[in-house]
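Undergrad: I have a structure I would like to understand better, so I am pasting it below and will then ask my questions one at a time.
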Amino acid sequence: MDDVVKTARPAATRPGNLVWVPGGLFRMGSDDHYPEEAPAHFARVEGFWMQRTPVTNREFRRFVEATGYVTFAEKAPDPASYPGALPHMLRAGSMVFSPPDHPVDLRDYSQWWNFRFDAQWRRPQGPRSSIGGLDDHPVVHVAYCDVLAYAEWAGLALPTEAEWEFAARGGLSGAEYAWGAELTPGGRHMANTWQGAFPHENQRGDGYDRTSPVNAFPANGWGLLDMIGNVWEWTADWYAPRHEDQGTRPCCAPRDPRGAREEASYAGGDGVPIPRKVLKGGSHLCAPSYCRRYRPAARHAQPIDTSTSHVGFRCVLRGPGPQDGD
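Going letter by letter, the sequence shown gives residues 19 to 344 in the working numbering.
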């Protein structure tokens, strides 16, 4: 059953790559997959504008050229923030997906993630790489402070987790995927994900090995592109290992809910207390054999000081809708 109660306003566009997402009631999360997605619950969001695509390399370059901004990955870490870190590791860089050429233990992500010195948004695979020919690909290697800086410059904001998930569903709240009930309806790939044995065998059935242009796959019901796959996207909400147990009935659904408190977002075990935000949407590395997070309900924790080659973002604008003078 479709749980969405939509407003009467249709999806509409406005200048600045923004699409109107009508607010409504929907069923958020899932009880059928990973534990952090549970419990499924009702939530309600007000209408908002959202960028039609993730922020691209072209758009991020305009921001950098206009402001002189230097991203987190381009700066050497402050030793005081990372007590106990090896001195030779305190260099500018970012996490890069480096696939092995053979099967590995899927419990050990160090087998395919590598902190690469001098990797950053202009050099997504490291010093000898570039974004030449990738203007329409999503910008990557952006930490949380970087996406906040862009949003402020653009006069926008980051979406909440509830806003992001509602938008990704495109009016199909009861559907497993953003486009319906099947991952590849009629054999058609609807998003940039991983085909084959992860992490060593990408069969590229969708046509792409790493990121893809943001307009390479069909839009969802609201006219938004790339909400699933390609790159994970930052949200404004702090992460907790499961949703709060609320809104089990439509009448009691929280309005514009926010995530956990910051103090609940810290992960233990590494000796450095770094809070985490919620990522949504999955990426080109999501595979049926390893990470089935190519669904609107899926979510992931990301430390705010960490950038990678498969995380990007898009922004929202909260305010009047297309029938209110926009």
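No residue lacks a Cβ here, since even glycine has one placed at the ideal position from N, Cα and C.
Leaving out five residues before and five after Glu54 in sequence, what residues of the same chain have Cβ atoms less than 7 Å from its Cβ?
TA: Excluding sequence neighbours, Glu54 sits near Pro259, Arg260, Arg317.
Undergrad: Under a three-way DSSP split, which group does Leu166 fall into?
TA: In the structure shown, Leu166 sits in a helix (DSSP, three-state: H, G or I).
Undergrad: List the DSSP bridge partners of Glu251.
TA: For Glu251, which the question treats as bridged, DSSP gives the partners Lys298, Gly330.
Undergrad: With a threshold of 16 other CB atoms inside 10 Å of the CB of Asn233, please say whether the residue is buried or exposed.
TA: Looking at its Cβ environment, which holds fewer than 16 other Cβ atoms inside 10 Å, Asn233 is exposed.
Undergrad: Can you name, in chain order, every residue of its own chain whose Cβ lies under 7 Å from the Cβ of Ala167, other than the five neighbours on each side?
TA: The residues are Tyr87.
Undergrad: Would you kindly work out how many angstroms separate the C-alpha atoms of Ser325 and Arg187, rounded to a whole number?
TA: Rounded to whole angstroms, Ser325 to Arg187 spans 26 Å at the Cα level.
Undergrad: Go through its chain and collect everything with a Cβ distance to Ala271's Cβ below 7 Å, but skip five positions before and after it.
TA: Cβ within range, chain order: Leu43, Phe60, Ala61, Arg62, Gly265.
Undergrad: Applying the criterion that 16 or more other CB atoms from any shown protein chain within 10 Å of the CB defines a buried residue, is Leu104 buried or exposed?
TA: By the neighbour-count rule (16 or more Cβ atoms within 10 Å), Leu104 is not buried but exposed.
Undergrad: With DSSP run on the structure shown, which of helix, strand or coil describes Pro33?
TA: Low confidence applies here, because Pro33 scores a pLDDT of 45, under 50, leaving its location unreliable and the question unanswered by this model.
Undergrad: So what's Phe216 in DSSP terms, helix, strand or just coil?
TA: Note: Phe216 maps to coil in three-state DSSP.
Undergrad: When you compare each of Gln341, Pro40, Pro338 to Glu181 by their alpha carbons, which one comes out closest?
TA: Answer by Cα proximity: Pro40.
Undergrad: Could you tell me the distance, in whole angstroms, from the CA atom of Phe133 to the CA atom of Met113?
TA: Approximately 4 Å, taken between the alpha carbons.
Undergrad: Rounded to whole angstroms, what is the Cα-Cα separation between Asp126 and Ala175?
TA: Looking at the two C-alpha atoms, the distance is approximately 35 Å.
Undergrad: Take Ser327 and list the residues in its own chain whose beta-carbon comes closer than 6 Å to its own, dropping the five residues that flank it on each side.
TA: Here the set comprises Val114, Phe115, Pro142, Val158.
Undergrad: Starting from Arg134, follow the beta strand (DSSP E) in both directions and report where the run begins and ends.
TA: Here the beta strand (DSSP E) through Arg134 covers 131-135.
Undergrad: Counting only the same chain and skipping the five closest in sequence on each side, list residues whose C-beta sits under 6 Å from that of Ala305.
TA: Trp212, Phe216.
Undergrad: Which value, in whole angstroms, describes the spacing of the CA atoms of Gln221 and Gly214?
TA: Gln221 and Gly214: Cα-Cα distance of roughly 5 Å.
Undergrad: Any idea what DSSP makes of Pro321, helix, strand or coil?
TA: DSSP places Pro321 in strand when its eight states are reduced to three.
Undergrad: What are the uninterrupted segments assigned as beta strand (DSSP E) that are 3 or more residues long and contained completely in the region 59-113, given in chain order?
TA: Within the region 59-113, the complete beta strand (DSSP E) runs of at least 3 residues are 59-63, 66-69.
Undergrad: Using three-state DSSP, classify Ala56 as helix, strand or coil.
TA: Correct three-state label for Ala56: coil.
Undergrad: Less than 8 Å between C-beta atoms, sequence neighbours within five positions excluded: which residues of the same chain meet that for Tyr195?
TA: Correct list, in chain order: Leu201, Met208, Ile246, Tyr312, Arg313, Pro314.
Undergrad: On a CA-only basis, which of Ile149, Gly111, Gly198, Trp38 is nearest Gln69? Give me that one, please.
TA: Of the candidates Ile149, Gly111, Gly198, Trp38, the one whose C-alpha sits nearest the C-alpha of Gln69 is Trp38.
Undergrad: Short check: CB of Gln320 to CB of Leu303, under 8 Å?
TA: No, the pair does not count as a contact, with Cβ atoms beyond the cut-off.
Undergrad: Within 10 angstroms of the Cβ of Pro28, are there 16 or more other Cβ atoms? Answer buried if so, exposed if not.
TA: Here Pro28 scores only 38 on pLDDT, less than 50, and its place in the model should not be relied on; the value that follows carries that caveat. It counts as exposed.
Undergrad: Are His218 and Pro101 touching if we call contact CB-CB under 8 Å?
TA: No. Outside cutoff.
Undergrad: Alpha carbon to alpha carbon, what distance is there between Ala282 and Gly343?
TA: Per-residue confidence for Gly343 stands at a pLDDT of 49, beneath the threshold of 50, marking its modelled position as unreliable; the derived number appears in the next sentence. Looking at the two C-alpha atoms, the distance is approximately 40 Å.
Undergrad: Answer with buried or exposed for Phe66, where buried requires no fewer than 16 other C-beta atoms within 10 angstroms of its C-beta.
TA: Answer is buried; the Cβ neighbour count reaches 16.
Undergrad: Have a look at Lys295, Ser230, Gly337 and flag the residue whose alpha-carbon is nearest the alpha-carbon of Val249.
TA: The residue with the shortest Cα to Cα distance from Val249 is Ser230.
Undergrad: If you draw a straight line from the C-alpha of Arg294 to the C-alpha of Trp256, how long is it?
TA: Going by the C-alpha atoms only, they are around 6 Å apart.
Undergrad: Alpha carbon to alpha carbon, how far is Pro156 from Ile149? Give it in angstroms, no decimals.
TA: The alpha-carbon atoms of Ile149 and Pro156 are separated by roughly 10 Å.
Undergrad: In the structure shown, what three-state DSSP assignment does Tyr195 receive?
TA: The answer is strand: DSSP assigns Tyr195 an E or B state.
Undergrad: Since Arg45 is in the beta strand (DSSP E), which residue starts that stretch and which ends it?
TA: Where Arg45 is concerned, the enclosing beta strand (DSSP E) stretches over 42-46.
Undergrad: What separation, rounded to the nearest whole angstrom, lies between the Cα atoms of Asp49 and Pro177?
TA: Rounded to whole angstroms, Asp49 to Pro177 spans 23 Å at the Cα level.
Undergrad: Would you grab the beta carbon distance between Phe331 and Glu251 for me? Rounded to a whole angstrom, and I think it's under 8 Å.
TA: About 5 Å; that satisfies the 8 Å criterion.
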